[in-house]
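Each number in the numbering used here corresponds to the 1-based position in the sequence shown with 8 added.
This report concerns only the one structure given below.
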Amino acid sequence: MSAPEKRHDLVLVGDSAFAEVAHEYFTAFSPYRVVAFAVERAFLRRDSLCGLPVVPLEELPARYPPASHHAHVAVVYTQLNRLRARLVRQVAAAGYPLASFISPAAFVAPSARIGRHCFIFENNVVQSFTEIGENVVLWSGNHIGHHSRVGDNVFVSSHVVVSGFCEIGAHTFLGVNVAIGNNLRVAADNWIGQGVVISRDTEEGQMFRPPEQEAAKVGARRFFRVRDEPPA
Numbered sequence: 009m010s011a012p013e014k015r016h017d018l019v020l021v022g023d024s025a026f027a028e029v030a031h032e033y034f035t036a037f038s039p040y041r042v043v044a045f046a047v048e049r050a051f052l053r054r055d056s057l058c059g060l061p062v063v064p065l066e067e068l069p070a071r072y073p074p075a076s077h078h079a080h081v082a083v084v085y086t087q088l089n090r091l092r093a094r095l096v097r098q099v100a101a102a103g104y105p106l107a108s109f110i111s112p113a114a115f116v117a118p119s120a121r122i123g124r125h126c127f128i129f130e131n132n133v134v135q136s137f138t139e140i141g142e143n144v145v146l147w148s149g150n151h152i153g154h155h156s157r158v159g160d161n162v163f164v165s166s167h168v169v170v171s172g173f174c175e176i177g178a179h180t181f182l183g184v185n186v187a188i189g190n191n192l193r194v195a196a197d198n199w200i201g202q203g204v205v206i207s208r209d210t211e212e213g214q215m216f217r218p219p220e221q222e223a224a225k226v227g228a229r230r231f232f233r234v235r236d237e238p239p240a
């Protein structure tokens with residue numbers, strides 16, 4: 009599949025692994041042409057990434073004016089998504105139109121509503137009458153059930169299942185393989201670790217750690233009777 013025609017110049021805020029991924033996805037699957045990265049001056053550690061300049065965020069309006077550039081903040085869930093939210097407010101206040109990315113390999117129902125400045129990866133299913141707030145990241149392979157609402161500044165990892173009629177509170181993080189039962193409310197500022205099953209409403213600010221798996225007393229090679237191959 010050929011890349012869409014490029015109609016807008018785009019600056020990515022951030023220079024982490026997510027920024028590299030965002031660069032590839034925007035380049036391959038969107039009408040945006042990435043022209044630069046920007047990082048706050050105190051955290052500027054390099055001058056280029058992906059063959060493009062990395063500039064101080066404080067100099068962004070002078071070097072890449074908002075009248076001719078869009079912006080997307082490619083930052084993960086640092087400080088329960090507060091860092092990404094703060095940077096989004098900063099670039100929006102400077103006048104930049106905020107870009108979203110929705111993968112062409114995602115399914116978004118016609119009745120679903122998506123807020124501004126979201127990044128939705130491939131193989132997400134966003135079902136009917138779902139509401140996705142602003143500044144939400146849905147990494148690959150999630151299921152957001154019908155009539156559910158995901159609040160602002162949320163980060164959903166991969167292969168998360170949010171059942172129908174659920175509410176996910178603002179700033180919450182959902183780890184890989186989390187499962188949320190039907191008709192449940194996950195409150196704001198929750199951190200839910202990988203593989204956790206939520207079967208009742210949660211309270212604001214709660215943390216749910218993943219169950220730790222202990223190694224069996226018998227090692228894998230012994231259990232499967234693996235013998236070292238003789239030298240060649």
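Where a beta carbon is used, it is the ideal one built from N, C-alpha and C, also for glycine.
Predicted, not measured: the structure shown is a model, and the values here were computed from it.
Spatial neighbours of residue i in its chain, beta-carbon cut-off 6 Å, leaving aside the 5 residues before and after
i    : result
V116 : V134
N161 : N89, A93, N143, A178, H179
V19  : A44, A46, Y72, H77, A79
Y104 : P74, A79
V205 : A187
R124 : L106, E142
Q87  : none
R49  : P64, E66
Nearest-angstrom Cα separation, counted from residue j out to residue i
i    : j    : result
S148 : L192 : 23 Å
S108 : R229 : 48 Å
V81  : R208 : 33 Å
V62  : V194 : 37 Å
L91  : G227 : 43 Å
F173 : S136 : 11 Å
R233 : K225 : 15 Å
H155 : V145 : 19 Å
L182 : H31  : 24 Å
P218 : R53  : 34 Å
I152 : F51  : 35 Å
E222 : D236 : 26 Å
Cβ distance (whole Å) where residue i is taken to contact residue j below 8 Å
i    : j    : result
V21  : L60  : Between L60 and V21 the Cβ distance is about 13 Å, and since that is not below 8 Å, they are no contact.
S166 : N150 : 7 Å
L68  : E28  : About 19 Å separates the two Cβ atoms, so there is no contact after all.
8 Å Cβ cutoff, residue i in contact with chain D
i    : result
F232 : In the structure shown, chain D does not exist; there is a single protein chain.
Own chain residues within Cβ distance below 8 Å of residue i, not counting five before or after
i    : result
A196 : G159, G177, A178, H179, T180, E212, G213
V184 : S165, S166, H167, V168, Q202, G203
K14  : P39, Y40, R41
Counterpart residues of residue i in DSSP-defined beta bridges
i   : result
P61 : S56
Close Cβ partners of residue i (< 7 Å) along its chain, the five nearest in sequence each way excluded
i   : result
L95 : V21, V81, V83
A36 : A11
F34 : L18, Y40, V42, F109
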